[in-house]
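Colleague: Quick note on UniProt numbering: the sequence shown kicks off at 1 and runs consecutively. Ideal Cβ positions, reconstructed from N, Cα and C, are used throughout, including at glycine. Predicted, not measured: the structure shown is a model, and the values here were computed from it. Structure below; questions to follow.
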Amino acid sequence: MIELEESAIISHVFDLAKKNGLISIAGKSGTGKTTLALQFISTLMTLEKPYRDQCVWIQASEQFPKKRLRTLFESYSDKVNYVLKNIFVAPGIKPFSN
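Structure representation (C-alpha cells):
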C-alpha cells in the first residue's frame, strides 16, 4: 500500500475534500480506482483528528471489497466498524463481499 500521508499530493486532496466535501474518482476498469479510494479512506479515518460525523459514498459496479478494507486497517482494527458504518455503497444489493 502506498503511504498516502507521505505523498506530496495528499495535502492537496485533503484540502479539496474539506473545501468541496466531495472527491470523485473516475477511470477505466482495473485502473485502481477502488484501491485509491480505500487508501484515501484508510488515511482519512486514521488521522489523529479524523473527520467525525462524516460519511463516504462509493458507487461501484462490483461488490465493495470488505476484506481489502480490513487489510488496509490491520493496524487500526478498532476503526473498521466505524468506517463500514459510514460508507454507503451503490448499488445496494449485497454491497459488501467478504
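Could you check whether L38 and L84 sit closer than 7 Å to each other, using their CB atoms as the reference points?
Modeller: Residue numbering aside, residue 84 sits at position 84 when the sequence shown is read from its first letter. Residue numbering aside, residue 38 sits at position 38 when the sequence shown is read from its first letter. Not a contact, by the Cβ cut-off of 7 Å.
Colleague: So T71 is in the alpha helix (DSSP H); what residue range does that whole segment cover?
Modeller: On the sequence shown, position 71 is the one that residue 71 refers to. K66 to L72 is the span of the alpha helix (DSSP H), which, as asked, contains T71.
Colleague: Do L36 and I25 count as a contact pair if the criterion is CB distance below 7 Å?
Modeller: Counting from 1 along the sequence shown, the entry for residue 25 is found at position 25. Counting from 1 along the sequence shown, the entry for residue 36 is found at position 36. Yes, the pair counts as a contact, with Cβ atoms nearer than the cut-off.
Colleague: Can the beta-carbon of residue 128 be found closer than 7 Å to that of V80?
Modeller: The displayed coordinates of the chain run from 1 to 98. Any statement about residue 128 would go beyond what the structure contains.
Colleague: If you check the beta carbons only, do G27 and K33 fall under 7 Å apart?
Modeller: Within the sequence shown, residue 27 is the residue found at index 27, counting from 1. Within the sequence shown, residue 33 is the residue found at index 33, counting from 1. Yes. Within cutoff.
Colleague: Can you give me the C-alpha to C-alpha distance between V13 and G30, rounded to a whole angstrom?
Modeller: On the sequence shown, residue 13 is found 13 positions in, with the first residue counted as 1. On the sequence shown, residue 30 is found 30 positions in, with the first residue counted as 1. So the alpha carbons of these two residues sit roughly 22 Å apart.
Colleague: Please work out which residues of its chain come closer than 6 Å, Cβ to Cβ, to S11, disregarding the five sequence neighbours upstream and downstream, and give them in chain order.
Modeller: Sequence index remark: in the sequence shown, residue 11 carries index 11 (1-based). Here the set comprises nothing.
Colleague: Should L16 be labelled buried (16 or more other beta-carbon atoms within 10 Å of its own) or exposed?
Modeller: Working through the sequence shown from its first residue, we reach residue 16 at position 16. L16 should be labelled exposed.
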